[in-house]
Amino acid sequence: MASRQHGSLTATVHRELEGMILRGDLASGDRLNEQQLAGLLGVSRGPIREAARLLERDGLVVALANQGTFVRQLSLEDALELYDLRASIAGYSCSCLATRSTAVQRAELRALIEQMDACIENRDEETYFELNLRFHERVAAMAGAPRAARIYGALDKEVRLLRRRVLHGTESMRFSNDEHKEIFGAIEAGDAGRAKAAAEKHHLNGKHRWINTL
C-alpha cells in the first residue's frame, strides 16, 4: 500500500512539474530547486527528485553532474528536427483518421474548429492556443494508431519548450484555423492522401512561423 501511495505521489508531482514547464512557469534554462519546489507542492524532496528523473526521460529537463537539473534548452537543430518529425507523425495520424472517422468524432472536431473561430472573433489568443492543442491531441487519439499518438504527444511537449507563441494576432490565428479546416475537410471526405498532405503542410507552416520569430 505504501509503495502504491508513493508511486501516486510521484505521478502527481510529475504532472505538476510538467505543467509548470509547459506553461512556462519554469522556463528553458531554469534550475529545478528541489527545496523550493518541495515547499511549493507540500511534499518532501524525494518525490521531486523522482519526478525530475521522469521529466528527464521525457526530454523536458537535463541533469548535469554536480550542478543540478535544468529545464531543457533546445538548439535550433533540435527544434527543426522536432517540427519535422511532428509533421510526419501528424500526417500519418490524419491519413489513418480519414479512413475510419465516425460521425461523432467529426462532430467533435467540427465543434473545436467553431470554438477556435469564436476565439478569433474575440481576439482570445490564450483560449485559441489551448483549443489548438486540444484539436491536434484529439486527432492523434482518434486515429486508431496508439503508438503514433504517444510519439506525437512526446514530440509536442518538447516543441512547447520553445515557448514562442507563433499564434499572435487575428490573422495568424485565422490562417492556422483555415488549415485546420483543410485537414478536417479531407478527413470528412475520407481522402487519406489529402489529409496527410494538409496536416504535414500545417505543421511545417508552424515551423516556418516559429523561424520567423527568431
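For the sequence shown, my numbering assigns the number 214 to the last residue and increments by one with no breaks.
For each residue, glycine too, the CB sits at the ideal point set by N, CA and C.
Length of the line joining the Cα atoms of residue i and residue j
{"i": "Val13", "j": "Leu26", "result": "14 angstroms"}
{"i": "Glu34", "j": "Ala51", "result": "11 angstroms"}
{"i": "Leu155", "j": "Leu214", "result": "20 angstroms"}
{"i": "Ile183", "j": "Ala199", "result": "6 angstroms"}
{"i": "Ser28", "j": "Arg106", "result": "37 angstroms"}
{"i": "Leu263", "j": "Ser176", "result": "Given a span of 1 to 214 for the chain in the structure shown, any question on residue 263 remains unanswerable."}
{"i": "Val71", "j": "Pro47", "result": "17 angstroms"}
{"i": "Arg15", "j": "Arg194", "result": "36 angstroms"}
{"i": "Thr170", "j": "Tyr128", "result": "10 angstroms"}
{"i": "Ser88", "j": "Glu108", "result": "23 angstroms"}
{"i": "Met230", "j": "Gln36", "result": "Outside the displayed span of the chain (1 to 214) sits residue 230, for which this structure offers no information."}
{"i": "His208", "j": "Glu179", "result": "14 angstroms"}
{"i": "Trp210", "j": "His202", "result": "13 angstroms"}
{"i": "Asn205", "j": "Ala140", "result": "19 angstroms"}
{"i": "Gly91", "j": "Arg53", "result": "31 angstroms"}
{"i": "Val62", "j": "Arg31", "result": "10 angstroms"}
{"i": "Gly185", "j": "Ser44", "result": "50 angstroms"}
{"i": "Tyr83", "j": "Asn66", "result": "32 angstroms"}
{"i": "Glu137", "j": "Gly153", "result": "7 angstroms"}
Segment limits, alpha helix (DSSP H) that includes residue i
{"i": "Val139", "result": "125 to 142"}
{"i": "Gly193", "result": "192 to 211"}
{"i": "Ala98", "result": "76 to 98"}
{"i": "Arg150", "result": "146 to 159"}
{"i": "Thr102", "result": "First-last for Thr102: undefined, no H or E at that position."}
{"i": "Gly185", "result": "170 to 189"}
{"i": "Leu55", "result": "45 to 57"}
Per-residue burial, residue i [other beta carbons within 10 Å of its own, 16 or more giving buried]
{"i": "Val104", "result": "exposed"}
{"i": "Leu133", "result": "exposed"}
{"i": "Ser75", "result": "exposed"}
{"i": "His168", "result": "exposed"}
{"i": "Leu64", "result": "exposed"}
{"i": "Asp189", "result": "Residue 189 is actually Ala in this sequence, not Asp. By the 10 Å Cβ count, Ala189 comes out exposed."}
{"i": "Ser8", "result": "exposed"}
{"i": "Ser93", "result": "buried"}
{"i": "Ser95", "result": "buried"}
{"i": "Arg147", "result": "exposed"}
{"i": "Arg150", "result": "exposed"}
{"i": "Ser101", "result": "buried"}
{"i": "Ala192", "result": "buried"}
{"i": "Thr69", "result": "buried"}
{"i": "Ala118", "result": "exposed"}
Which residues DSSP lists as bridging residue i, in chain order
{"i": "Phe70", "result": "Arg31, Val62"}
Residue i Cβ short of 8 angstroms to the ligand SAH heavy atom set
{"i": "Glu126", "result": "The ligand SAH is not among the ligands present in this structure, which contains no ligands whatsoever."}
- prompt: Pairing CB atoms from the segment 73 to 88 with CB atoms from the segment 39 to 53, are three or more of them under 8 angstroms?
  reply: Between the segment 73 to 88 and the segment 39 to 53 there are fewer than three inter-stretch CB-CB distances shorter than 8 angstroms, so the stretches are not counted as touching.
- prompt: Does the count of Cβ pairs from the segment 57 to 70 and the segment 116 to 127 closer than 8 angstroms reach three?
  reply: The segment 57 to 70, when compared against the segment 116 to 127, does not touch it at the 8 angstroms Cβ threshold.
- prompt: Three or more C-beta pairs closer than 8 angstroms, one from the segment 105 to 115 and one from the segment 143 to 161: is that the case here?
  reply: Contact between the segment 105 to 115 and the segment 143 to 161 is absent, because fewer than three Cβ pairs lie under 8 angstroms.
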